[in-house]
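Enquirer: Protein chains in written order, with my numbering: chain G, 13 to 98; chain Y, 19 to 373. Below: one structure in C-alpha cells.
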C-alpha cells in the first residue's frame, strides 16, 4: 500500500471511527455513510494533509476512497515539486 | 384530459454560479465560519447559472418580510402574466377561455392572491374558479397538474390553468449562515410556468402545436412524521429554509415501492415507462431517484439540464422539465411517461401520462 493510499484510508477510517481494515480502495462513500458535508470536511483535511488544493467542482465525481487517492496522486503529480514534497 | 400547453418565464438577471458564489462569499466575509465551505457546496449543487428577479446588489437592501414580500407580489404578477400568455397563446386561446385557475407558490404570500390580481389584468371570466395553493413547495408542480386534472375530469368541456411562480431568491436571509441556507443559496432560483389542462370534450382552435399527453392517473402519497425533512421555519424575517440531509434517504426508502404500486394499479410496470419528467431537486435527490428506480443513464437528462441551467425552481421546476419535454422530447404515440415531484410533508405526487 503506498503512502497516499494508507494515509487517506486512515483519515477516512478515523472520520467514521472505523478500523482501517473496513476501508478499502473500492469502498464507496455511500457504504461508509459519508454524506456530502462529510465529504467536504474530508476534502479540507486531505488538502491540509497533502498541501494541495482540490477543485471545488470535483467533489461530486468522487464516489470511492480510491477516487480520492487517485485524485490526490494526480494533483500532486501536477503540482510544483515544493508543494508536492510534504 | 390532456396537458395541452406549457408556457415558462424567467426573470431578467442571469448570474453564473461561480460569480454568484464569489459575490456572496465576499459579501458575507467574516460571517462565514469556513469561507471555503460555500464554494465547495455551491460547486456541487449541479447548478451552472440561475435567474433572479433583482440584480444581486439589491438583495441586501431587502430588510424585513414586508419589503421582500412586496417585491414578490409585483414580480409574481408580471412573470405570471407572461407565462400564462405564452401557454394560452400556443393554443390560440386567451384567459377568457379558462374556467379554473390553480396558483401554486411557496416563496411569498398575498391576499387577494396572485391569481386574483391577474384576473384584474387579463380577460379571465369573472366566474373563474380560483384555487390558490401555498405550502406544498416543490411537489406543487406535479400536485397542481393532478388537481387541475381532477377539475377537468369533473367538467370535461372546460379548461383549467395551473400557474406556479417561485421567486426563491426573495426568501433571502442575510443572517443565516447555516449549512442548509448555504446550500439553499446555491441551489434555488427564480422562475414561473403555466400549464393548460383541457377536458376530454374540449375542442381547441386549430394550431401548429401537436396534442400533449393525456393524463391517465395521478396519486398523492404522504410520508407520516417526516415534517423535519423539508419546509420553512417562518419568522419575523420571512422564510428560513428547513432542509434535512435525509431527503435522498426518504427517496431511496419509498420511491420505488410507490412507483411500482402506482404503475401496478394501472396494469403497467417500470419497463413500460419510456420517459421521466422529474422535479430537479438537486444532485443528491436526482441520484437517489436514478438509483431507486434503477434508471438507465440519461433517463433524467432533462431534469439535470434544468437544474444546471436555472437551478431548483421549487414547484415550477417540474413544469420547466415538462415544457422542454413538450417542445423537444415528445414521446412516441401510445408511450407512457411519469411526471413526479416530492416536497414538504414529506410527500410524493405521481402523474401517469400517455402520449
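Every residue, glycine too, gets a C-beta built ideally from N, C-alpha and C.
1. With DSSP as the reference, label residue 35/Y as helix, strand or coil.
2. Quick one, which residues of the segment 184-204 of chain Y are near chain G if we go by CB-CB under 9 Å, in chain order?
3. DSSP beta-bridge partners for residue 121/Y?
4. What is the C-beta distance between residue 311/Y and residue 288/Y, in whole angstroms, given that I count them as a contact (C-beta under 8 Å)?
5. Under 8 Å between C-beta atoms, does residue 55/G make it to chain Y?
6. Would you mind giving the Cβ-Cβ distance between residue 71/Y and residue 29/Y, rounded to the nearest angstrom? I have them listed as a contact below 8 Å.
7. What are the boundary residues of the alpha helix (DSSP H) that includes residue 250/Y?
8. Taking all protein chains shown into account, do 16 or more other C-beta atoms lie within 10 angstroms of the C-beta of residue 68/Y, making it buried, or fewer, making it exposed?
9. Report the residue ranges of all beta strand (DSSP E) runs contained in full by the segment 56-96 of chain Y; include only those spanning at least 3 residues, in chain order.
10. Where residue 30/G and residue 272/Y are concerned, what is the direct C-alpha to C-alpha distance, given to the nearest angstrom?
11. Between the alpha carbons of residue 46/G and residue 21/G, how many angstroms are there, rounded?
12. Looking at the unbroken alpha helix (DSSP H) that takes in residue 280/Y, where does it start and where does it end?
13. List the whole-angstrom C-beta distance separating residue 152/Y from residue 177/Y, where the pair is believed to meet the contact cut-off of C-beta under 8 Å.
14. Run through chain G and tell me which residues come within less than 8 Å of residue 57/Y, C-beta to C-beta.
15. Between residue 48/Y and residue 113/Y, what straight-line distance do the alpha-carbon atoms span, to the nearest angstrom?
16. Under 8 Å between beta-carbons, which chain Y residues line up against residue 71/G? List them in chain order, please.
17. Tell me the rounded alpha-carbon separation between residue 250/Y and residue 174/Y.
18. Taking only the alpha-carbon atoms, compute the straight-line gap between residue 42/Y and residue 54/Y and give it to the nearest angstrom.
19. Specify the secondary structure class of residue 209/Y as computed by DSSP and reduced to three states.
20. What separation, rounded to the nearest whole angstrom, lies between the Cα atoms of residue 164/Y and residue 62/Y?
21. Output needed in chain order: residues of the segment 313-338 of chain Y with a Cβ under 8 Å from some Cβ in chain G.
22. Identify each residue in the segment 24-57 of chain Y for which the Cβ-Cβ distance to at least one residue of chain G is less than 7 Å, and report them in chain order.
23. Under the assumption that residue 240/Y contacts residue 332/Y (Cβ atoms under 8 Å), give the Cβ distance between them as a whole number of angstroms.
24. Which residues in chain G sit within 7 Å of residue 302/Y, going by Cβ to Cβ distance?
25. Mapping the DSSP letters down to three states, classify residue 368/Y as helix, strand or coil.
26. So, for residue 91/Y: in the same chain, excluding its five sequence neighbours on each side, which residues have a beta-carbon less than 6 Å away from its beta-carbon?
27. Looking only at C-alpha atoms, which of 31/Y, 122/Y, 253/Y, 242/Y sits nearest to residue 84/Y?
28. Any C-beta of chain G sitting closer than 8 Å to the C-beta of residue 143/Y?
Expert: Looking at the coordinates:
1. helix
2. 197, 201
3. 150/Y, 181/Y
4. 7 Å
5. Taking Cβ atoms only, chain Y reaches closer than 8 Å to residue 55/G, which makes this a yes.
6. Taking a contact as a CB-CB distance under 8 Å, the pair residue 71/Y and residue 29/Y counts as one, their CB atoms being some 4 Å apart.
7. Counting along the chain, residue 250/Y falls outside any alpha helix (DSSP H), though it belongs to the beta strand (DSSP E) covering 248-253.
8. buried
9. 67-70
10. 29 Å
11. 13 Å
12. Membership of residue 280/Y in the alpha helix (DSSP H) is indicated by the continuous run 265-283.
13. Going by Cβ atoms, the distance from residue 152/Y to residue 177/Y rounds to 23 Å, so no, they are not a contact pair.
14. 68
15. 50 Å
16. 58, 61, 62
17. 37 Å
18. 12 Å
19. strand
20. In this structure, the straight-line span from the alpha carbon of residue 164/Y to that of residue 62/Y is close to 32 Å.
21. Those residues of the segment 313-338 of chain Y that come within reach of chain G (Cβ to Cβ, closer than 8 Å) do not exist; the list is empty.
22. 54, 55, 57
23. Contact flag wrong, Cβ pair sits at about 19 Å.
24. 48
25. strand
26. 128
27. 253/Y
28. no
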